[in-house]
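Chemist:
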Amino acid sequence: MSQHNTGHEHASGESHGSLKSYVIGFIFSIVLTIIPLVIVMNGLLNKTQTVITIMIMAVLQLIVQLFFFMHIREGEKPRWNVMTLIVGIIIVLTIVGGSIWIMSFNSTVQ
Amino acid sequence: MAHATAEHSHAHEAHESHESLKVLGFWIFIVTDILIFGTLFACYAVLHTHTNGGPGAKELFEMPGVIAETFILLTSSFTSGLAVLAMHKGKVKQLIAWLAVTAVLGAAFIGMELTEFVKLVEEGHKISSNAFLSAFYTLVGTHGLHVSIGLVWMIGLMIQLSRRGVTEVTTRKVTNLSLYWHFLDVIWIFVFTVVYLMGVM
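Quick note, the sequences are listed as chains A and B, same order.
Each residue of the first sequence is one higher than the one before, starting from 1 at the first, in UniProt numbering.
Each residue of the second sequence is one higher than the one before, starting from 1 at the first, in UniProt numbering.
Here is the structure:
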């Protein structure tokens, strides 16, 4: 059992991230939250620029969480988790983008 | 004899891969949950201007509370990561302690969110008031419900960890819980950006 444990620890050192990677991820996510907050609260940019900037920050935040916290790169060779996530994101983008598109078209027609 | 050990190690391997298969299964659940939030975001994006003459996002949302909620949830995502780190070092007490910190932060988040909702409803901005508020309460409330379920799960898991320690099964459970918690943090980042930041700008 103890042998198994040490073996496990060795493997985890590489695949489950270190304290350093968690701290880096945490600092990144704090910074990526403060930047859009400052931009919006002080009205630094115009409307379109603000929307684009804060959405980019949110997506970067998602990437930080995926890599530093959720360890998307670890796991067995066929990366089923990444594939499922990509399919999910494609469906979400279709639903959200399609809804906004068709409903804004609806309001211009009216 | 050699055959028996080989068979034993084979069974052991099968058990391990079974646990990792369960993590993949949980990951697929998370992706389907992303679809639920996707449709709720689509709803909110379409309906957020339909206030039926009532006040909109800019008048209703109070940012200081929301900013505090955001940093509380971000920190709890970090502490749940530290719990996983403690687990892989085999430190049960440290693991339970970090889970407890995460649970306290999660409870603080839910408390603040409920306070915000109660205040809005007392001011007469109910879920039935207009399409904007219906979409708002459904989206933010669904996230809050997820966090609440996560809290119940976390408390149950802390009890199980204190009784059984770090085993293959509890390792898989903590891994899944931590994935779930990070996922909720990601969803909140989008709620914060799309609902609150875009609402008040």
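Just so it is clear, CB atoms sit at the ideal spot from N, CA and C, and this is done for glycine as well.
Everything numeric in this text was worked out from a predicted model, so none of it was measured.
How is residue 168(B) classed by DSSP in three states: helix, strand or coil?
Modeler: Residue 168(B): helix per DSSP, three-state reduction.
Chemist: Going along chain A in order, which residues have a C-beta closer than 8 angstroms to the C-beta of residue 193(B)?
Modeler: The answer, in chain order, is 36, 54, 55, 57, 58.
Chemist: How far does the alpha helix (DSSP H) with residue 93(B) in it extend, from its first residue to its last?
Modeler: It spans 92-122 - the alpha helix (DSSP H) in which residue 93(B) sits, taken as one unbroken run.
Chemist: Please list, in chain order, the chain A residues whose beta carbon lies closer than 8 angstroms to that of residue 70(B).
Modeler: 33, listed in chain order.
Chemist: Could you tell me which uninterrupted alpha helix (DSSP H) segments, each at least 4 residues in length, are contained entirely in the segment 21-74 of chain B, listed from first to last along the chain?
Modeler: Runs found: 57-60.
Chemist: Could you tell me the boundaries of the alpha helix (DSSP H) in which residue 61(A) lies?
Modeler: From DSSP, the alpha helix (DSSP H) with residue 61(A) extends over 47-64.
Chemist: Roughly how far, in whole angstroms, is the beta-carbon of residue 82(A) from the beta-carbon of residue 90(A), given that I think they are within contact range, below 8 angstroms?
Modeler: So it is not a contact: roughly 13 angstroms between Cβ atoms.
Chemist: Select from 184(B), 25(B), 43(B), 138(B) the residue whose C-alpha is nearest the C-alpha of residue 117(B).
Modeler: Looking at the Cα atoms, 138(B) is the closest of the given residues.
Chemist: At a Cβ threshold of 8 angstroms, is residue 127(B) touching chain A?
Modeler: Taking Cβ atoms only, chain A never reaches closer than 8 angstroms to residue 127(B), which makes this a no.
Chemist: Which bits of chain D does residue 26(A) rub up against, with CB to CB less than 7 angstroms?
Modeler: Of the protein chains in the structure, A and B, none is chain D.
Chemist: If you draw a straight line from the alpha carbon of residue 114(B) to that of residue 140(B), how long is it in whole angstroms?
Modeler: Going from the Cα of residue 114(B) to the Cα of residue 140(B) covers about 11 angstroms.
Chemist: By Cβ distance, which residues of its chain are closer than 6 angstroms to residue 33(A), with the 5 residues on each side in sequence left out?
Modeler: No residues qualify anywhere along the chain.
Chemist: Assuming residue 36(A) contacts residue 24(A) under a Cβ cut-off of 8 angstroms, what Cβ separation, rounded to an integer in Å, is found between them?
Modeler: Wrong, their Cβ atoms sit about 20 angstroms apart, outside the cutoff.
Chemist: Taking C-beta pairs closer than 7 angstroms, name the residues in chain A that residue 190(B) reaches, listed in chain order.
Modeler: Per Cβ cutoff of 7 angstroms: 58.
Chemist: Out of 133(B), 24(B), 72(B), which one is the CA nearest neighbour of residue 59(B)?
Modeler: Of 133(B), 24(B), 72(B), the residue nearest in Cα terms is 133(B).
Chemist: Relative to the C-alpha of residue 101(A), which candidate in 30(B), 80(B), 43(B) has its C-alpha closest?
Modeler: Answer by Cα proximity: 43(B).
Chemist: Taking all protein chains shown into account, do 16 or more other C-beta atoms lie within 10 angstroms of the C-beta of residue 18(B), making it buried, or fewer, making it exposed?
Modeler: Classification for residue 18(B): exposed.
Chemist: Residue 49(A): buried (16+ other C-beta within 10 angstroms of its C-beta) or exposed?
Modeler: Exposed, by the Cβ-count rule.
Chemist: What did DSSP end up calling residue 39(A) once you bin it into helix, strand or coil?
Modeler: Looking at residue 39(A) - three-state DSSP - the assignment turns out to be helix.
Chemist: Going by Cα to Cα distance, which pick from 68(A), 95(A), 85(A) is closest to residue 18(A)?
Modeler: Residue 68(A) is the option with its Cα nearest to residue 18(A).
Chemist: Quick one: what's got a C-beta closer than 8 angstroms to residue 2(A)'s C-beta in the same chain, skipping five residues either side?
Modeler: Unreliable positioning characterises residue 2(A) in this predicted model, as indicated by a pLDDT of 39, which lies under 50. A coordinate reading is not provided.
Chemist: Looking only at C-alpha atoms, which of 65(A), 86(A), 52(A), 80(A) sits nearest to residue 29(A)?
Modeler: Closest option to residue 29(A), Cα to Cα, is 65(A).
Chemist: Quick check: is the beta carbon of residue 39(B) nearer than 8 angstroms to any beta carbon in chain A?
Modeler: For residue 39(B), the answer is yes, since a Cβ of chain A falls inside 8 angstroms of its Cβ.
Chemist: Can you pull the chain B residues whose beta carbon is under 9 angstroms from the beta carbon of residue 67(A), in chain order?
Modeler: What residue 67(A) touches in chain B: nothing, since even the nearest Cβ is about 11 angstroms away.
Chemist: Drop a sphere of 10 angstroms on the beta-carbon of residue 70(A), count the other beta-carbons inside from all chains shown, and report buried for 16 or more, exposed for fewer.
Modeler: Residue 70(A) should be labelled buried.
Chemist: Could you check the C-alpha separation between residue 51(A) and residue 195(B) for me, to the nearest Å?
Modeler: Rounded to whole angstroms, residue 51(A) to residue 195(B) spans 12 angstroms at the Cα level.
Chemist: Looking at the structure shown, is residue 98(A) part of a helix, part of a strand, or coil, going by DSSP?
Modeler: Helix, per DSSP.
Chemist: So residue 84(B) and residue 178(B) are supposed to be a Cβ contact under 8 angstroms. How far apart are they, rounded?
Modeler: So it is a contact: roughly 5 angstroms between Cβ atoms.
Chemist: Just how far apart, CA to CA, sit residue 46(B) and residue 41(A)?
Modeler: So the two alpha carbons sit approximately 24 angstroms from each other.
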